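Beneath this line is the structure, given in structure tokens, with notes to follow.
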Amino acid sequence: MSDTLGTDTAADRQSQGTAGAGDAAASASPAPAVRRRSGRGRMRLEIAVLSGPPIIVFVAFVIFPVVLAAYYGFYKWQGYGAATDWVGLNNYRLILTDPAFQQVLWHSLMILVLSLVIQGPLAIILAILLNQRIRGRAIIRVLIFVPYVISEVIVGTGWSLMLQSTGAANDLLKHIGLGSLQKDWIADPKLAIWTLMAIISWKYIGFAVILMLAGLQSIPDELFEAAQIDGASYWQMQRRITLPLLGPTIRIWAFLSIIGSLQLFDLVYIIWGQYVSGTAGTSTMAIYMVAQGRSAGNYGYGSAVAVVMFLITLIVALIYQRFVLRRDLRGAITEGVS
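For what it's worth, the numbering used here labels the leading residue of the sequence shown as 367, then goes sequentially.
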């Protein structure tokens, strides 16, 4: 009987010990969950602190002006006082049926295409050449990039003075015996668009070259060494290795160039002005917005033009992102680890 009592007592102690361990484990198990919750809360706080100010600035200086422009676009508004002369969609109807707007839209699309066709191949060639070990490479890079950091006002003023009919360009042609090539580079409708493209290419080619050089730096040298061992020529390596691996950089640059071309204003306004640009064939949607809005005293119509410009740019950006940047963006997105 004593053996039975001893056995029961040991069993009771074992069961009590197991229960005590279970209670201790149960009391300790919420700690990791609490730590996870506090870690998530801290992460949300950090995200709010870091992203809050940029979001506020973006809403204040991008979203709110667009909403305000959309509101005034429904009125015939002179730019001061309350907007009371409701015209509904009449402003937008006038924009879409105005031959002048269709003309500037065509000019903007032409500038977009020519920018991609001219600057893209030229920037790739220059970047490949400047990626080689040549003497004075750093100085050449600086000289190519300098026009990009110069103010558009300075660039526009300088080129407008040089390209006038009595400017430095025609004077130089005359002194070197090429007087027959003297042209009215700014006012001639057959030459003005090409003059604009030359200035734009000179101004912004440096940014494209820097982007391409950054993309070239990310390509491993081992790939070229392996291809060289296999007997590939220089141009085969560029076609089979450089261009495919430079694709993401080219697509990002093209996206930025497209957006900039659709919003081009400053160079055209400084060199040609809002009136000469129309007859010279260099007017853009932004020039049309200023001429028909602010200069004409019809800020409601100008606001409607701004909304149309925003929608055109947004649609082009979304289409480009959907069909061109999709795989690049998919590779850049990472899922959070739970």
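Cβ coordinates follow ideal geometry from the N, Cα and C atoms, glycine included. Computed from a predicted model, the values in this text were never measured in an experiment.
DSSP state of residue i, grouped into three classes?
{"i": "PRO330", "result": "In the structure as shown, the chain starts at 367 and stops at 704, and residue 330 therefore has no counterpart that could be examined."}
{"i": "ILE714", "result": "Lying outside 367 to 704, the shown extent of the chain, residue 714 is not represented and no answer is given."}
{"i": "ARG606", "result": "helix"}
{"i": "TRP601", "result": "helix"}
{"i": "GLY543", "result": "coil"}
{"i": "THR532", "result": "coil"}
{"i": "PRO555", "result": "helix"}
{"i": "ALA574", "result": "helix"}
{"i": "LYS569", "result": "helix"}
{"i": "ASP550", "result": "coil"}
{"i": "GLN498", "result": "coil"}
{"i": "SER526", "result": "helix"}
{"i": "THR648", "result": "coil"}
{"i": "SER584", "result": "coil"}
{"i": "SER643", "result": "helix"}
{"i": "MET563", "result": "helix"}
{"i": "ALA662", "result": "coil"}
{"i": "ILE699", "result": "Interpretation of ILE699 is limited by its pLDDT of 48, a score under 50 that renders its predicted location unreliable; no figure is taken from the coordinates."}
How would you call residue i, buried or exposed, if buried means at least 16 neighbouring beta carbons within 10 angstroms?
{"i": "ILE685", "result": "exposed"}
{"i": "GLY572", "result": "buried"}
{"i": "HIS541", "result": "exposed"}
{"i": "GLY597", "result": "exposed"}
{"i": "GLY581", "result": "buried"}
{"i": "ILE500", "result": "exposed"}
{"i": "PHE430", "result": "exposed"}
{"i": "GLY314", "result": "An answer regarding residue 314 cannot be provided, because it is not within the stretch 367 to 704 covered by the chain."}
{"i": "TRP638", "result": "buried"}
{"i": "LEU509", "result": "exposed"}
{"i": "GLY405", "result": "exposed"}
{"i": "ILE413", "result": "exposed"}
{"i": "VAL673", "result": "buried"}
{"i": "THR608", "result": "buried"}
{"i": "PHE427", "result": "exposed"}
{"i": "ILE565", "result": "buried"}
{"i": "SER661", "result": "exposed"}
If I follow the unbroken alpha helix (DSSP H) through residue i, where does it start and stop?
{"i": "TRP619", "result": "613 to 628"}
{"i": "VAL682", "result": "665 to 689"}
{"i": "ASP587", "result": "587 to 595"}
{"i": "ASP632", "result": "632 to 637"}
{"i": "ALA657", "result": "651 to 658"}
TODO: Quick one: which unbroken beta strand (DSSP E) runs of 3-plus residues sit fully inside the region 393 to 473? Chain order, please.
DONE: If we require 3 residues or more, the region 393 to 473 turns out to have no beta strand (DSSP E) run fully inside it.
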